[in-house]
Structures are given as structure tokens and as C-alpha cells.
Amino acid sequence: MKGKKLKTGEIENALNRFLKDEQHLVLGFKKDESGVSHHIFKGSLDHYSLLNPVFGANAALYLRRLFSKGSQVMLMLRPCEIRACVELNKLTQIEREDIIAVSIDCPGTVSSKEKKEEVPAELHELNDYFKNKDSMRWACSVCGEKRAVVGDAGIRIDEKGNYWAIPYTEKGEVLLSLIDGEPEEVPAELLAAKEQKKDKFQVDMEIFNKDFEKCIMCMNCRDMCPVCYCIDCVFNGDEYLPKGDALLNKVFRIGSVKMPRGKDLFHFIRMYHVSQTCVGCGACEEACPQGIPLTKYFKGVSERLQDIFSYMSGRSFDEPIPYVTFLEDELKDATD
Amino acid sequence: MTDEAKEKNPEIVGFACSYCTFKASEMAGSLRMKYPEGVKLIQVPCSSRVDPAFVIKAVFEGADGVFVAGCHPGDCHFIKGNYYTRRKIVALKEMFDAFSMKEKLRLFWVSAAEARRFIDKVTTFYNDIKEKKNEREKA
Chain A
1 MKGKKLKTGE
11 IENALNRFLK
21 DEQHLVLGFK
31 KDESGVSHHI
41 FKGSLDHYSL
51 LNPVFGANAA
61 LYLRRLFSKG
71 SQVMLMLRPC
81 EIRACVELNK
91 LTQIEREDII
101 AVSIDCPGTV
111 SSKEKKEEVP
121 AELHELNDYF
131 KNKDSMRWAC
141 SVCGEKRAVV
151 GDAGIRIDEK
161 GNYWAIPYTE
171 KGEVLLSLID
181 GEPEEVPAEL
191 LAAKEQKKDK
201 FQVDMEIFNK
211 DFEKCIMCMN
221 CRDMCPVCYC
231 IDCVFNGDEY
241 LPKGDALLNK
251 VFRIGSVKMP
261 RGKDLFHFIR
271 MYHVSQTCVG
281 CGACEEACPQ
291 GIPLTKYFKG
301 VSERLQDIFS
311 YMSGRSFDEP
321 IPYVTFLEDE
331 LKDATD
Chain B
1001 MTDEAKEKNP
1011 EIVGFACSYC
1021 TFKASEMAGS
1031 LRMKYPEGVK
1041 LIQVPCSSRV
1051 DPAFVIKAVF
1061 EGADGVFVAG
1071 CHPGDCHFIK
1081 GNYYTRRKIV
1091 ALKEMFDAFS
1101 MKEKLRLFWV
1111 SAAEARRFID
1121 KVTTFYNDIK
1131 EKKNEREKA
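Heads up: the protein sequence lines correspond to chains A and B, in order.
With my numbering applied, the first sequence corresponds to residues 1 to 336, in that order.
With my numbering applied, the second sequence corresponds to residues 1001 to 1139, in that order.
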């Protein structure tokens, strides 16, 4: 694999070169007094930060229905955010021409809820900070794909702390052409490694009910989910939830029901609807005011469901989402 | 019907494709074959019309079991509808399995001529569910 080694400040220079064009934008992270946050840069970079140690929202959320009519956005984001963008591209929410998706190796993040002290944004400090596993967000500590191997290009970090830009598609070459220097062979040993397979997710309804006891049906998890994109969600209004006589009917059929009504229904349907596109970023858990362990369920279920079709959300732009395609000769034991 | 008898009978919701399974159920009717009263069929234009959300809603609103039934793969009136059904329902079963409630959902292929098969499938499903339900009642 060929790539270009990045000298200090080189990525900023490259992006500034990219921004010289009126129609070009960069979506990345900005570091200022209040911390590191998502920022769209136009014209030139200003307090740019390659890494963001705090997870607030998934940036793919801001890119829904992006039809930019000629302008182009360079996305300099975490792998989970790029994967969500790739999924949104397949769901026709983002046009392929409008973006150059560049993923950056992710050392892990801290939850914006639990952030107490100042978190460093430099790589070596951050690695020290995450030596203590508890300081990392749960979703990040179980993340199986922190490597920047998705999108058009990736910024990888080798063991010595050097940054490498590696193109994966033709669009990725655009970024490479802006960087000074000749392409060289990338070292095989890079910092973020592929993680081992974990056990299958398995719970039962008792555990589910216990975990979701606190749910108040605010639907923040749906609103902040980067891939839950429907304009007309089935849960807009309460058409899908039992109410009035339907609620009483339900109570008479299955016994006492915990209020607010229909939260099991809501979470199950949402879990199924995002099952093939869920990237396991944990934005839902981040948005939950009640601190429900949503990532455990959404990530666990989606991994199981994606495994059936050997699919991984956001892995490539060309792989179709399993539910919109089929093979004639498959799933022989589907019926009972 | 006494209360006791009522409690023991499960309710099953079935989504039946109007070109095959629903026709099979009509044929079963005209042949005077019987299937359990607790089975409620819902006619859908094609089995792929069934959004898994319908199944989930049926389960959480009190159905003891849900089945989705359509034409045999390759025989779909809309050419390829049931291939999509197969993928969707297999995924949904896997999800139900993750929550240890796999037995609540079944998928059958029944063609319009297979009235006997329809009765068999539905009755077995009904009896399995009934057995489980009564076991739980006792415990």
C-alpha cells in the first residue's frame, strides 16, 4: 500500500490548498477555548484539529439531504462518522460527487456527558489518557473498527506517531495530490489494530425491560441517530403507538403495561430499521437524557443481523444494503 | 366460553400474500377444512409488503405468535417480492433470537394449491404456541 508521510503542519497546508477554490469546504474539528467541536471551514483553516477526543454528535447527522449543486465538501472525520456518511450515500441522502470522505484513525473518545476535566487533543497525550480504560466511552471501548480504512482516503498513524495519508479511491487521490512529497510504502504496523470478534449479543425481555425502565419516549435517540434519516418517521405523531381503546385492549390482552406506552415497540422497530446501517457510534446513548445503555442493544443487534449477510455498514460505497438486494439461491433454512 | 378456556387459547396473527397463501386459505375454506379459530389472517398484496414493524407491533400488542406467509421463492406474482421477504424475515428472526423470543415468529411458503399444507403449517404453529403458553400459565 502506497501513501504519503505527513510532516507536521502538512495536512493543514494541504487543506488550505484545497480551500483556495470558492466552492470547496472542509468539515472537520476546530479547537478553541471551549474545547474541540465540529466546524465547517470556508476560505482557510483556523485552529484546526485533526483529532477530537470528545464525542458529542455524529457529524453525518449534519449531512443529511446534502445536495450541494457544484460545491464539494472534504470530510475529515472519525471512521464511524465516515461510515455513517457512506451509508447515507447508499440511502440517497448524500450525493457521491459532493463529498470527499477522509477517515482519520481514532484513538477513542470521551463521552460529552462524563467529561469533567480538560481532555487533551494531541495524539500521545490522548493515548496516555486512555491507558485508563474507564475514561473511554463504552461505545468506543468496544468499537471494532477504529482504523481509518473506510471512505475515499484514510489518515493512519504508525507506531512512532507519524501520520500517513493513504488513498483508497480516485477521489482520495485528490487529497494526496495536495500533499507535498512522493508516495512511499506505508509500514505494515499501524497503531490502531483490528479488534477480535466478540460473543454474540444475547439478552431476554426481562433484561430489556429492566434497562429500558427509565425511558421517557423523548425520541432523542432517533433524532440524533445519523442513519435514522426518514423525514416521515412512523413514530411522528402517535399513529403507531397504542392509545385510547387500543391501549386498553392491549392491557386486557397481555396484562399490566408500563407507561409511557409503546417504548418496547419504539425501540424494537427502530432497532430493526437501522439494523443494517447502524455503525455503532453510540450517538443515541450520548443523546439519551436517562442514560439507557442503548449502544449495547443497537450495536449488538445490528452486528448479529449484519453477520447473516456478511455485511458491514459503511465498509464500501459499492456494497448494496442487504435489504434492497437478494440472491436467488440463499438462506435455504429460512422457513419453518 | 368460560374465562378459563379463553385464557388458554393463543391468538396468532398471520400475514398472508393475496396471490398464494390467502388463496390457499380460501381453498381450504371451500374444501371445508378447519384451522384454529385463534389464527387471524391479514391479507397483504405481497409478502414483501410486510414491514417487520408490523410483526413487531403485532407481538407487542398482544399476539402470541406471528407468521408471514407467501408464494414459494421464484413464484412471486411480482417476480421477486418474496426474495426480499426472505431476507427481511430471516433478519427479524435473528433479532428475536437475540431477545430469546424466536418461537414467536415463523415464515412459510404456501402456494395457492396447497390448502392441506396451509392447514398443517398453521395448526402446528398454533399447537406449539398453545403448549408453550399453557406451560407458562401453569408455572
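The beta-carbon is built from N, C-alpha and C at its ideal position, and this holds for glycine as well.
These figures come from a predicted structure and were not determined experimentally.
query	result
Backbone CA spacing between glutamine 1043(B) and alanine 1063(B) [nearest angstrom]	17 Å
Where aspartate 134(A) falls, given that 16 or more other Cβ within 10 Å makes a residue buried	exposed
Residue burial classification, phenylalanine 326(A) (beta-carbon count within 10 angstroms, cutoff 16)	buried
Length of the line joining the Cα atoms of isoleucine 207(A) and leucine 25(A)	46 Å
7 Å Cβ cut-off: residues of chain B touching leucine 265(A)	Ile1056, Lys1057 and Phe1060
Whether lysine 1040(B) touches valine 1013(B) by CB criterion (8 Å)	yes
C-beta neighbour in chain A for tyrosine 1212(B), strict 8 Å	Residue numbering for chain B in the displayed model covers 1001 to 1139; residue 1212(B) lies beyond these limits and cannot be assessed.
Cβ of valine 274(A) within 8 Å of any chain B Cβ	no
CB contact check: serine 1100(B) to chain A, cutoff 8 Å	yes
Three-state secondary structure assigned by DSSP to glutamine 72(A)	strand
Length of the line joining the Cα atoms of arginine 1106(B) and lysine 90(A)	30 Å
Contact check, valine 186(A) vs alanine 84(A), beta carbons under 8 Å	no
Proximity to aspartate 199(A) [Cα-Cα], best of Val150(A), Gly144(A) and Lys243(A)	Gly144(A)
Contact check, glutamine 276(A) vs proline 320(A), beta carbons under 8 Å	no
Check whether leucine 175(A) and alanine 59(A) have beta carbons under 8 Å apart	no
Chain-ordered chain B contacts of aspartate 298(A) [CB-CB under 9 Å]	Rather than aspartate, the amino acid found at residue 298(A) in this sequence is phenylalanine. Going along chain B, no residue has its Cβ under 9 Å from phenylalanine 298(A), so there is no contact; the nearest lies around 11 Å.
Boundaries (first-last residue) of the alpha helix (DSSP H) holding proline 79(A)	79 to 90
Residues near glutamate 1011(B) in its chain [Cβ-Cβ closer than 6 Å; skip 5 each side]	Gly1038, Ala1063 and Asp1064
Below-8 Å beta-carbon distance, valine 1090(B) vs any chain A residue	yes
Nearest to glycine 154(A) (by Cα), restricted to the options Trp138(A), Phe130(A), Asn249(A) and Leu190(A)	Leu190(A)
Three-state secondary structure assigned by DSSP to methionine 1001(B)	At methionine 1001(B) the pLDDT is 44, less than 50, meaning the model places this residue with poor confidence and gives no usable figure here.
Sub-8 Å separation of isoleucine 100(A) and lysine 4(A) beta-carbons	no
Close beta carbons around leucine 27(A), own chain, < 6 Å, minus the five adjacent residues each side	Ile40, Val73 and Leu75
Glycine 300(A) - DSSP class collapsed to helix/strand/coil	helix
Boundaries of the alpha helix (DSSP H) in which valine 174(A) is found, first to last residue	170 to 178
Under the three-state DSSP convention, the category serine 141(A) falls into	helix
Partners in chain A for proline 1036(B), counting only beta-carbon separations shorter than 7 Å	Those within 7 Å of proline 1036(B) in chain A number zero; the least Cβ separation is about 17 Å.
Coarse secondary structure for isoleucine 1079(B), derived from DSSP in three states	coil
Three-way DSSP call (helix, strand, coil) for glutamate 213(A) in this model	coil
Near-chain B residues of the stretch 211 to 242 of chain A - C-beta to any C-beta below 8 Å	Val234, Tyr240 and Pro242
Nearest neighbour of isoleucine 104(A), chosen from Glu95(A), Leu265(A) and Ile82(A) [CA to CA]	Ile82(A)
Cross-chain neighbours of arginine 1049(B) in chain A, by beta carbon under 7 Å	By Cβ distance, chain A contributes nothing, its closest Cβ being about 14 Å from arginine 1049(B), past 7 Å.
Contact under 8 Å by Cβ, aspartate 1075(B) with serine 1111(B)	yes
Under 8 Å (Cβ pairs) to chain B, residues found in the stretch 166 to 194 of chain A	none
Nonlocal neighbours in the same chain, by C-beta distance under 8 Å from lysine 131(A), ignoring five residues either side	none
C-beta neighbour in chain A for glycine 1014(B), strict 8 Å	no
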